[in-house]
Amino acid sequence: LAKTTQPISMDSYEGQEVNITCSHNNIATNDYITWYQQFPSQGPRFIIQGYKTKVTNEVASLFIPADRKSSTLSLPRVSLSDTAVYYCLAFFSSGSARQLTFGSGTQLTVLP
Amino acid sequence: EAQVTQNPRYLITVTGKKLTVTCSQNMNHEYMSWYRQDPGLGLRQIYYSMNVEVTDKGDVPEGYKVSRKEKRNFPLILESPSPNQTSLYFCASSTTGGGYTFGSGTRLTVV
Numbered sequence: 001l002a003k004t005t006q007p008i009s010m011d012s013y014e015g016q017e018v019n020i021t022c023s024h025n026n027i028a029t030n031d032y033i034t035w036y037q038q039f040p041s042q043g044p045r046f047i048i049q050g051y052k053t054k055v056t057n058e059v060a061s062l063f064i065p066a067d068r069k070s071s072t073l074s075l076p077r078v079s080l081s082d083t084a085v086y087y088c089l090a091f092f093s094s095g096s097a098r099q100l101t102f103g104s105g106t107q108l109t110v111l112p
Numbered sequence: 113e114a115q116v117t118q119n120p121r122y123l124i125t126v127t128g129k130k131l132t133v134t135c136s137q138n139m140n141h142e143y144m145s146w147y148r149q150d151p152g153l154g155l156r157q158i159y160y161s162m163n164v165e166v167t168d169k170g171d172v173p174e175g176y177k178v179s180r181k182e183k184r185n186f187p188l189i190l191e192s193p194s195p196n197q198t199s200l201y202f203c204a205s206s207t208t209g210g211g212y213t214f215g216s217g218t219r220l221t222v223v
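Chains A and B, in that order, give the protein sequences. Following the working numbering, the numbering of the first sequence begins with 1 at its first residue and continues without gaps. Following the working numbering, the numbering of the second sequence begins with 113 at its first residue and continues without gaps.
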């Protein structure tokens with residue numbers, strides 16, 4: 001399983017765009033990148049996942065360069081309610097095995 | 113509503129008294145998994161199941177058992193709980209290629 005590295009914490013202000021970068025130097029060909037958000041005492045919530053280039057949904061964008069050794073989660077115009085821990089994971093999905101290993105995550109604090 | 117339901121939400125028990133934490137999902141997901149979360153250690157996988165009657169160990173399986181007799185249910189069993197199993201537990205499910213849906217968590221205290 002690919003090991004991911006991301007900043008321990010980040011601060012931002014309301015209304016700003018926040019970019020959280022994750023490195024995964026040993027990502028395998030079949031690994032996907034996925035991001036989760038977690039509030040205190042709640043289960044993680046799936047945000048977005050992708051394999052390469054750019055993926056966008058209603059809450060975030062995910063940028064994965066051609067070499068796939070890193071990825072960036074982009075949150076547009078954050079609000080106070082976006083304060084949470086964000087996890088970057090690389091996972092291998094197949095019919096035979098599928099493990100998801102969480103790292104320490106990035107604590108995002110949005111300030112007024 | 114599509115969801116993963118865990119019960120109980122809170123549980124205080126004594127060392128050695130067998131307990132079961134139930135997990136049920138209504139999304140017909142093949143894949144289910146249990147995690148524990150501890151301060152400073154993050155989320156660690158205990159067991160996972162690819163489908164009915166197919167289970168495998170995660171990173172921290174010692175002291176836990178699971179079963180997957182039906183697709184929707186994946187109970188976590190602690191045969192003889194110990195204080196080091198005091199933790200916040202999450203159940204999750206997903207389709208083979210999709211994102212996980214997590215339950216609301218079970219906060220277990222073993223005294």
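Glycine is no exception: its CB is placed at the ideal position from the N, C-alpha and C atoms.
When the Cα of Leu131/B is compared with those of Thr198/B, Phe214/B, Thr213/B, which residue comes out closest? Thr198/B
Cα separation between Gly211/B and Phe46/A? Taking the straight line joining both Cα atoms gives about 6 Å.
Environment of Asp11/A [buried if 16+ CB atoms lie within 10 Å]: Asp11/A is exposed by the Cβ-count criterion.
DSSP three-state call for Asp31/A: helix, strand or coil? strand
For a cutoff of 7 Å on Cβ pairs, would you count Pro44/A as touching chain B? yes
Contact list for Ile102/A against chain B, beta-carbon separation under 9 Å: Correcting the residue type first, residue 102/A is Phe in the shown sequence and not Ile. The answer, in chain order, is Tyr147, Gln149, Gly154, Leu155, Arg156, Gln157.
Enumerate in chain order the residues of its own chain whose CB-to-CB distance from Leu80/A is below 7 Å, with the five nearest sequence positions on each side excluded. Glu14, Val110, Pro112
Hey, how far is the Cα of Thr72/A from the Cα of Val223/B? 43 Å
Please classify Ser81/A: does DSSP put it in a helix, a strand, or coil? Helix.
Can you check whether the CB of Thr4/A is closer than 7 Å to the CB of His24/A? yes
Status (buried if at least 16 other CB within 10 Å, exposed otherwise) for Pro44/A: buried
Cα-Cα separation between Ser96/A and Arg148/B, rounded to whole angstroms: Note that Ser96/A scores a pLDDT of 45, beneath 50, so its modelled location is shaky; the value from the coordinates is reported in the next line. Roughly 23 Å between the two C-alpha positions.
Partners in chain B for Thr34/A, counting only beta-carbon separations shorter than 7 Å: Gly211
The region 22-39 of chain A contacting the region 82-93 of chain A, beta-carbon criterion three pairs below 8 Å: Touching, yes.
Determine the extent of the beta strand (DSSP E) in which Ser71/A is found, giving its start and end residues. 70-75
Pick helix, strand or coil for Gln149/B, following the three-state DSSP scheme. strand
Give the residues of chain B in contact with Ser41/A, contact being defined as C-beta atoms less than 8 Å apart. Leu200, Gly217, Arg219
Which of helix, strand or coil DSSP assigns to Asn184/A: For chain A, the structure presents residues 1 to 112; residue 184/A sits outside this window and is missing.
Which same chain residues end up closer than 6 Å to Leu123/B when comparing Cβ atoms and leaving out the 5 residues on each side of it in sequence? Leu220
Buried versus exposed call for Gln157/B [16 or more other C-beta atoms within 10 Å across all chains shown]: buried
Inter-stretch contact at 8 Å, needing at least 3 Cβ pairs: the region 128-142 of chain B / the region 179-188 of chain B: yes
C-alpha gap between Thr127/B and Arg68/A, whole angstroms: Their backbone Cα atoms lie some 47 Å apart in a straight line.
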